[in-house]
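Chains as they are written, first to last, in our numbering: chain A, 67 to 410; chain B, 67 to 410.
Glycine included, every Cβ here is placed at the ideal spot set by N, Cα and C.
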């Protein structure tokens, strides 16, 4: 506990935006307040949980509060499908079904609600994952901002595929399925009218078919994670922590689109902490790295897949470092709190 | 389509509070907008859906937006557990696990959030249903009213128990597990400071053990439903519609606590349309009615179980009627729209 990292332990403390940002404040809120109350086991926080008594089934839930509702490359409806499909997939599972729960503000134009729901339906059909049940609540004006969407997904694990945030091993190759930073910068630019939104679009897309492409590699696939809130920095820090390993990245290898880099420069953001909704990292045994890259690149959503680093034997546990373009080496920290509110 | 029942078909129409009230407006919104977009099959809307490929597993989702967060007999945390446990149970299933997704307003005092989450955890433990995964989002002040909770549940059906809203049959006994009207009147009275809240308390409680008590009756249990939003009137109208039967109720047999009756008289509400969170209706074959009543009454949450009516052979399909105390007979309509906003 340091001055830059306050723990919410005073009774007069309040919830901060940063508590929901996927960084250190989020982890603290979960560890100090939520998990103890819910009997959390203190194990690795995975994207999806195993269903008790059904070890082949996984479950994941996510609420979507993105603002604005519509942005280049996506909208809250598609995002709600992709986000949960991807969380299920990151446990090595094929999504079987989704639930959808809408909380709608009184006065929302019905055409806007229709557009959200149609996009959600279209995304579910495109992902070939049925929406099997749902819930619709309406609350008074001002009690919710337009519409929030919760999706929960159930998936069935591919035989032999058992990835976990705790299973990265020294020597593993760290693969990334595509460029980073598009979703966060697009939503932020659209919301704030920064002008980048004509050059970039969210990468919102389902990743379960990329996972299926890796399934034949079985237990050589150690860890899968989609770097959403908190970006690549948060995802890799969580993996380094839960697997007790050191991860070394090659900055030169990490694909950052020019428009993302420009937007991040202007905003003072590190592309590594910007949310993504359509790429994933895969930690695979070194002998399987080339096969895995080929499998990823064979699909459109993985055609830009690259190797961005490795798990270094003997490095400090939980540490993520970056070999920069100028040959220096810097630590990639877990982001603290809210950089980009309501990005998903 | 009549003057009192507008269909949302104009592009300048907006979402109304009544669209989320569980009555006719909700049904119209679902049928005209949500279900077509999501490929809804147009079948009976059950409390929980079957998981594709796993016919013994059911899934249900619900968002909780109750205001105030705390009220006599319960709070949003316990309600979020009971509501989804009960929806899963109404498909004849034993709940296996819950997911919890919180949307929290920036500035909410942490002690208040802690109280909600602890209550949620305590309710899950008491119900013996683990919370296996979750999500926490924080949005800016004014973007949500304090905290909303989504829970999704997965359950495993009891062998031989296959209740459905479409399976009520002529001759069935209609059983009710306990008194009606407590939850809705308690929340409303607390929110509006009407003063009844010292005499009444929400019936928020889990019902899955009552369902387990009926499991030995197997296929003689035709329909189970917990009458939440829209109350007993909405639940029975849905069953009459989906099963294409006529239901006849005996007003004298329906237990309405005195304080509920007083509150409803004052507010001009019919207790039949007030939300409940701790009672259920069961449609059982006539030969099994006495056994079912005995089984329900053997549990504390079912000790006041009564027979309130029957499915009448040859009656008009979809019609629910009430034999009143004075010997008259009146139609129990599907409630139109919002009577008690944000009751769950």
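Coil, strand or helix - residue i by DSSP
i              : result
residue 390(B) : coil
residue 304(B) : helix
residue 224(B) : coil
residue 174(B) : coil
residue 382(A) : coil
residue 366(A) : helix
residue 319(A) : helix
residue 200(A) : strand
residue 326(B) : helix
residue 163(A) : strand
residue 257(A) : helix
residue 216(A) : strand
residue 246(A) : coil
residue 347(B) : strand
residue 237(B) : coil
residue 118(A) : coil
Same chain, Cβ closer than 7 angstroms to residue i, five either side skipped, listed in chain order
i              : result
residue 212(A) : 135, 171, 174
residue 141(A) : 135, 182, 185
residue 130(A) : 142, 145, 146, 149, 214, 215, 410
residue 277(B) : 155, 158, 290
residue 204(B) : 170, 172
residue 267(B) : 138, 139, 248, 252
residue 318(A) : 391
Exposure label - residue i; buried when at least 16 CB within 10 Å
i              : result
residue 223(A) : buried
residue 380(A) : exposed
residue 304(A) : buried
residue 208(A) : exposed
residue 340(B) : buried
residue 199(A) : buried
residue 108(A) : Summary for residue 108(A): the model assigns pLDDT 49, below 50, so the residue's position carries little reliability; its value from the coordinates is reported in the next sentence. Exposed, because fewer than 16 other Cβ atoms sit within 10 Å of the Cβ of residue 108(A).
residue 394(B) : exposed
residue 258(A) : exposed
Residue i to residue j span [Cα, whole Å]
i              : j              : result
residue 184(B) : residue 285(B) : 38 angstroms
residue 289(A) : residue 309(A) : 9 angstroms
residue 79(A)  : residue 178(B) : 10 angstroms
residue 194(B) : residue 384(A) : 35 angstroms
residue 399(A) : residue 191(A) : 38 angstroms
residue 73(A)  : residue 87(A)  : At residue 73(A) the pLDDT is 46, less than 50, meaning the model places this residue with poor confidence; the figure from the coordinates comes in the next sentence. Taking the straight line joining both Cα atoms gives about 15 angstroms.
residue 51(B)  : residue 210(B) : Not covered by the structure: residue 51(B). The range shown for chain B is 67 to 410.
residue 97(A)  : residue 150(B) : 25 angstroms
residue 355(A) : residue 118(B) : 34 angstroms
residue 152(B) : residue 388(B) : 26 angstroms
residue 243(B) : residue 81(A)  : 40 angstroms
residue 169(A) : residue 138(A) : 23 angstroms
residue 316(A) : residue 104(A) : 39 angstroms
residue 197(A) : residue 165(A) : 6 angstroms
residue 411(B) : residue 91(B)  : Since the first and last residues shown for chain B are 67 and 410, residue 411(B) lies out of range.
residue 336(A) : residue 256(A) : 19 angstroms
residue 376(B) : residue 359(B) : 14 angstroms
residue 230(B) : residue 372(A) : 51 angstroms
residue 296(A) : residue 331(A) : 17 angstroms
residue 357(A) : residue 275(B) : 51 angstroms
residue 425(A) : residue 298(B) : Within the shown structure, residues of chain A are numbered from 67 to 410, placing residue 425(A) beyond reach of any answer.
residue 234(B) : residue 311(B) : 7 angstroms
residue 121(A) : residue 349(B) : 35 angstroms
residue 293(A) : residue 84(B)  : 39 angstroms
residue 313(B) : residue 188(B) : 38 angstroms
Spatial neighbours of residue i in its chain, beta-carbon cut-off 8 angstroms, leaving aside the 5 residues before and after
i              : result
residue 245(A) : 269, 321, 322, 323, 326, 345, 370
residue 392(B) : none
residue 271(B) : 148, 343, 344, 367
residue 226(B) : 281, 284, 285
residue 254(B) : 260, 329, 333, 406, 409
residue 496(A) : Any property of residue 496(A) remains undetermined from this structure, which presents chain A solely from 67 to 410.
residue 279(A) : 361, 362, 364, 365, 368
residue 396(A) : 387, 388, 390
Cut-off 6 angstroms between Cβ atoms - residues of its own chain near residue i, not counting five sequence neighbours on either side
i              : result
residue 202(B) : 168
Residues within the segment 207 to 224 of chain B neighbouring chain A, beta-carbon criterion of under 8 angstroms = 208, 209, 210, 211, 214, 216, 218, 220, 222
Contact residues within the segment 164 to 176 of chain B, judged by C-beta distance below 8 angstroms to chain A = 165, 166, 167, 168, 169, 170, 171, 172, 173, 174, 175, 176
Chain-ordered residues of the segment 123 to 134 of chain A with a beta carbon less than 7 angstroms from chain B = 125, 126, 127, 128, 129, 131
Please name the residues in the segment 233 to 245 of chain A whose beta-carbon is closer than 8 angstroms to at least one beta-carbon of chain B, in chain order.
-> Listed by position along the chain: nothing, the set is empty.
Chain A contacts made by the segment 183 to 205 of chain B, where a contact means CB separation under 9 angstroms = 183, 184, 185, 186, 187, 188, 190, 191, 196, 197, 198, 199, 200, 201, 202, 203, 204, 205
With 8 angstroms as the limit, tell me which residues of the segment 82 to 96 of chain B have their beta carbon closer than that to any beta carbon of chain A; keep them in chain order.
-> 82, 83, 84, 85, 86, 87, 92, 95, 96
Report the residues of the segment 329 to 341 of chain A with a CB closer than 8 angstroms to any CB of chain B, ordered along the chain.
-> If the cut-off is 8 angstroms between Cβ atoms, the segment 329 to 341 of chain A has nothing near chain B.
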